[in-house]
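S.K.: Throughout the sequence shown, residue numbering follows the numbering used here, covering 2 to 475 in sequence.
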Amino acid sequence: MRRLSVVAVLALAIAVPSRAQSTPHEKLAREIYKELIEINTVDSVGSVTKAVEALAARFKAAGFPAADIHVLIPPNAPTKGNIVVRYHGRGGAGAPKPVLLLAHLDVVAALRADWPRDPFILNEENGFFLGRGTSDDKSMASIFAANLIWMKQEGVVPDRDIILALTADEEGGASNGARWIATEHKDLIDAEYAINEGGDGALVNGKPVTNAVMAAEKVSVNFTFTALNSGGHSSMPRPDNAIYQLSKALLKVSEFEFPVVLNPVTNAYLTQSSKAQPNREFAAAEMAVVANPMDAKANAILAKDSFVHSILRTTCVATRLAGGHANNALPQTATATVNCRVEPTSSYEYVLAALQRVVGDTGVKVTMQGASRLTGVVGAPPSAVPAEFLNAVTTITKKMWGDIPVVPQMSTGATDGKYLREVGIPTFGVSGLFYEGEERNMHGRDEKIRVKSYYDGLSFLDQLVRALTVKTKM
Ligand SMILES: [Zn+2]
């Protein structure tokens, strides 16, 4: 990661204003946030179950009936608990299906020695909350929990049920809670659609410029490249060599580009982001690719932005390398992992065949990791965001941050949204949490979020959930 220059740090310190005293609703959210940050939920050493138990106690104390608080712990994984809470609506005939709120409680590891401060203490400094999970994803988890408890305290009765699911192992680990609940307890979370992480707002010089709704995700698939050779004594090299063969194959991958594939989400992204794009040449290229995905000149301009380059197509890149067995022996084996981020309408077989074609006659064998299960189209089809949802997001965005575009996005990474989409629950990433440039350092050292962003997100998600569930008050 690039380090901020002294000038940038000063600019940052000036740009982030301190905040006036919080409301009782904000105090509740901060309390839950602090409690969650300070419970270590790292896969290897932490316990998500501890966080789940703390939340269950809060919901119970707030008056939620025990029958609506489900603590779900997978067999053989006592530290990987999940919690599902149902907030009952008025129900009755014609009531729409519930809205599901999803966030994960586990966090990426953080070593005390790597951080200037304890990553498992909620620190507030210079207008930022700092600590592991302050952004990914304990901000949304605490906001959803606080908003539900706050609605209960205000005696709000929605027209439809609201379901909150806070889960384990999104960041890795063997007990992914969202997948497990979606397959084993789908009745508890079945919903018309879900709100999840993955859609943030962008700040430029402290000013909001776009808000995002994430409506599709690329899918991560790993391939193993293997070169085999009979080897021999290194004093007598021969023309064929496992390491050289593998190198040639990998260089071919580095030069290969998958064709552009647009879907309703990336189409809408290019159209909307071109409106907020200050670089007119880039904006024109975005519109040119919408008109003609094969426009080579426009594609060359867009390729300068690695995010836009990546949402237009499947990308594959070498990420790991191993080979040889002794300094004085010709290598008998050389292997590499090539990680592909596949656009969701392509099939596993298509990507495998493309890579096999790319390596050509280098003698390198390409196989898919976990191949037995992986056939057919990689993702759920990206669907356009429902009008009711997009209108609510747009209205609240305008009210809070002015006339900035709401941009539908496809994530280049992956979230648990994929497991919900697989069981037929459309999932949209939207948070109302805004970040500027390198502040967006989820998984990194000194993970952070602006204090103002956190409380704005609290208000945004409160208004959004009410707009989608409490029609009579709209
Ligand atoms: Zn996350």
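Glycine included, every Cβ here is placed at the ideal spot set by N, Cα and C. These numbers come from a predicted model, not from an experiment.
1. Assuming contact is defined by CB atoms lying nearer than 8 Å, are residue 39 and residue 144 in contact in what I supplied?
2. With a threshold of 7 Å (Cβ to nearest heavy atom), would residue 306 be considered close to ligand 1?
3. If you draw a straight line from the alpha carbon of residue 140 to that of residue 443, how long is it in whole angstroms?
4. Short check: CB of residue 73 to CB of residue 466, under 8 Å?
5. Heavy atom of ligand 1 less than 7 Å from the Cβ of residue 105, yes or no?
6. DSSP three-state call for residue 288: helix, strand or coil?
7. Output needed for residue 33: all residues of its chain with C-beta closer than 6 Å, excluding positions within five of it in sequence on either side, in chain order.
8. Tell me whether residue 171, by its Cβ, gets closer than 7 Å to a heavy atom of ligand 1.
9. Considering only their Cβ atoms, is the gap separating residue 137 from residue 432 smaller than 8 Å?
10. Start and end of the beta strand (DSSP E) containing residue 409?
11. For residue 152, report the span of its alpha helix (DSSP H) as first-last.
12. Mind checking whether residue 413 and residue 421 have CB atoms under 8 Å apart?
13. With hydrogens ignored, establish whether the beta-carbon of residue 440 is closer than 7 Å to any heavy atom of ligand 1.
14. Are the stretch 241-259 and the stretch 373-391 touching by the rule of at least three beta carbon pairs closer than 8 Å?
15. Could you pull the start and end residues of the alpha helix (DSSP H) that residue 60 belongs to?
16. Work out the CA separation of residue 396 and residue 471 for me, nearest whole Å.
17. Just the Cα atoms here: how many angstroms apart are residue 14 and residue 207?
18. Starting from residue 394, trace the beta strand (DSSP E) both ways and give me its first and last residue.
19. Check for me: the beta strand (DSSP E) holding residue 228 runs from which residue to which?
20. Within the same chain, show all residues whose beta-carbon is closer than 6 Å to that of residue 316, passing over the 5 residues directly before and after it, in chain order.
21. Grab the span of the alpha helix (DSSP H) containing residue 482 for me, first residue to last.
22. With residue 250 as the anchor, note down where its alpha helix (DSSP H) starts and where it stops.
23. Pick from 346, 220 and 366: whose alpha carbon is nearest that of residue 354?
24. Smallest Cα separation from residue 284: which of 305, 266 and 345?
25. Where does the unbroken beta strand (DSSP E) through residue 167 begin, and where does it stop?
26. Count the other CB atoms within 10 Å of the CB of residue 184; is the residue buried (16 or more) or exposed (fewer)?
27. Quick one: grab the DSSP three-state call for residue 208.
28. Specify, as a first and last residue, the run of the alpha helix (DSSP H) that residue 303 falls within.
29. Could you tell me whether the Cβ atoms of residue 50 and residue 81 are closer together than 8 Å?
30. Leaving out five residues on either side along the sequence, give the residues of the same chain with a beta carbon under 6 Å from the beta carbon of residue 464.
31. Take the Cβ of residue 48 as the centre, count every other Cβ of all protein chains shown within 10 Å, and call the residue buried at 16 or more, exposed below.
32. Hey, how far is the Cα of residue 278 from the Cα of residue 249?
33. Specify the secondary structure class of residue 198 as computed by DSSP and reduced to three states.
34. Roughly how many whole angstroms lie between the Cα atoms of residue 448 and residue 293?
35. Measuring only from the beta carbon, is residue 457 closer than 7 Å to any heavy atom that is part of ligand 1?
M.R.: According to the data block:
1. The count along the sequence shown starts at 1 and reaches residue 39 at position 38. The count along the sequence shown starts at 1 and reaches residue 144 at position 143. Not a contact, by the Cβ cut-off of 8 Å.
2. For the purposes of this step, residue 306 is taken as the residue at position 305 of the sequence shown. Outside the cutoff, so no.
3. Within the sequence shown, the letter at position 139 stands for residue 140. Within the sequence shown, the letter at position 442 stands for residue 443. Rounded to the nearest angstrom, the two C-alpha atoms are 11 Å apart.
4. Taking the first residue of the sequence shown as 1, we reach residue 73 at position 72. Taking the first residue of the sequence shown as 1, we reach residue 466 at position 465. Result no, Cβ atoms of residue 73 and residue 466 do not sit closer than 8 Å.
5. Position 104 of the sequence shown holds residue 105. Yes, ligand 1 has a heavy atom inside 7 Å of this Cβ.
6. Here residue 288 refers to the residue found at position 287 of the sequence shown. The answer is helix: DSSP assigns residue 288 an H, G or I state.
7. Locating residue 33 in the sequence shown gives position 32, where the first residue counts as 1. 143, 146 and 147, listed in sequence order.
8. As a working note, residue 171 is residue 170 in the sequence shown. Yes - ligand 1 has a heavy atom lying nearer than 7 Å to the Cβ of residue 171.
9. Numbered from 1 along the sequence shown, position 431 holds the residue referred to as residue 432. Numbered from 1 along the sequence shown, position 136 holds the residue referred to as residue 137. In this structure, residue 137 does not lie closer than 8 Å to residue 432 by Cβ.
10. Against the sequence shown, residue 409 aligns to sequence position 408. First-last of the beta strand (DSSP E) with residue 409: 407-412.
11. As a first step, residue 152 is located in the sequence shown; it is residue number 151 there, counting from the start. Note, residue 152: alpha helix (DSSP H), 139-154.
12. For the purposes of this step, residue 413 is taken as the residue at position 412 of the sequence shown. For the purposes of this step, residue 421 is taken as the residue at position 420 of the sequence shown. No. Outside cutoff.
13. Residue numbering aside, residue 440 sits at position 439 when the sequence shown is read from its first letter. No; taking the cut-off as 7 Å, the Cβ of residue 440 has no heavy atom of ligand 1 nearer than that.
14. no
15. As a working mapping, residue 60 is identified with position 59 in the sequence shown. Here the alpha helix (DSSP H) through residue 60 covers 49-62.
16. Reading the sequence shown from its first residue, position 470 is the one you call residue 471. Reading the sequence shown from its first residue, position 395 is the one you call residue 396. When rounded, the distance between both Cα atoms is 15 Å.
17. The residue given as residue 14 occupies position 13 in the sequence shown. The residue given as residue 207 occupies position 206 in the sequence shown. Low confidence applies to residue 14: its pLDDT is 46, below 50, so where it sits in the model is not reliable, and the reading given next is rough at best. Answer to the nearest angstrom: the Cα atoms are 11 Å apart.
18. Within the sequence shown, residue 394 is the residue found at index 393, counting from 1. Element bounds for residue 394: not the beta strand (DSSP E) but the alpha helix (DSSP H), 388-402.
19. For the purposes of this step, residue 228 is identified with residue 227 of the sequence shown, where counting begins at 1. Counting along the chain, the beta strand (DSSP E) containing residue 228 begins and ends at 220-229.
20. To locate residue 316, count along the sequence shown from 1; it is residue 315. The residues are 342.
21. Residue 482 lies beyond the stretch modelled for the chain, which goes from 2 to 475, so this question has no answer here.
22. The residue given as residue 250 occupies position 249 in the sequence shown. 243-256 is the extent of the alpha helix (DSSP H) around residue 250.
23. The sequence position of residue 354 within the sequence shown is 353, counting from 1. If we check each option's Cα against that of residue 354, 366 comes out closest.
24. Taking the first residue of the sequence shown as 1, we reach residue 284 at position 283. Checked all of 305, 266 and 345; the closest Cα to residue 284 is 305.
25. Reading the sequence shown from its first residue, position 166 is the one you call residue 167. Unbroken beta strand (DSSP E) run through residue 167: 163-168.
26. By 1-based counting over the sequence shown, the position of residue 184 is 183. By the 10 Å Cβ count, residue 184 comes out exposed.
27. The residue you call residue 208 lines up with position 207 of the sequence shown. Residue state, collapsed to three classes: strand.
28. Sequence index remark: in the sequence shown, residue 303 carries index 302 (1-based). Here the alpha helix (DSSP H) through residue 303 covers 297-303.
29. Here residue 50 corresponds to residue number 49 of the sequence shown, with the count starting at 1. Here residue 81 corresponds to residue number 80 of the sequence shown, with the count starting at 1. It is a contact, given that the beta carbons lie within the stated cut-off.
30. As a working note, residue 464 is residue 463 in the sequence shown. Cβ within range, chain order: 397.
31. Residue mapping note: residue 48 aligns to position 47 of the sequence shown, counting from 1. Burial call: buried.
32. Mapped onto the sequence shown, residue 278 falls at position 277. Mapped onto the sequence shown, residue 249 falls at position 248. C-alpha separation (whole angstroms): 39 Å.
33. Start at 1 with the first residue of the sequence shown, and residue 198 comes out as number 197. The answer is coil: DSSP assigns residue 198 none of H, G, I, E or B.
34. As a first step, residue 448 is located in the sequence shown; it is residue number 447 there, counting from the start. As a first step, residue 293 is located in the sequence shown; it is residue number 292 there, counting from the start. About 40 Å.
35. Within the sequence shown, residue 457 is the residue found at index 456, counting from 1. Not under cutoff, so the answer is no.
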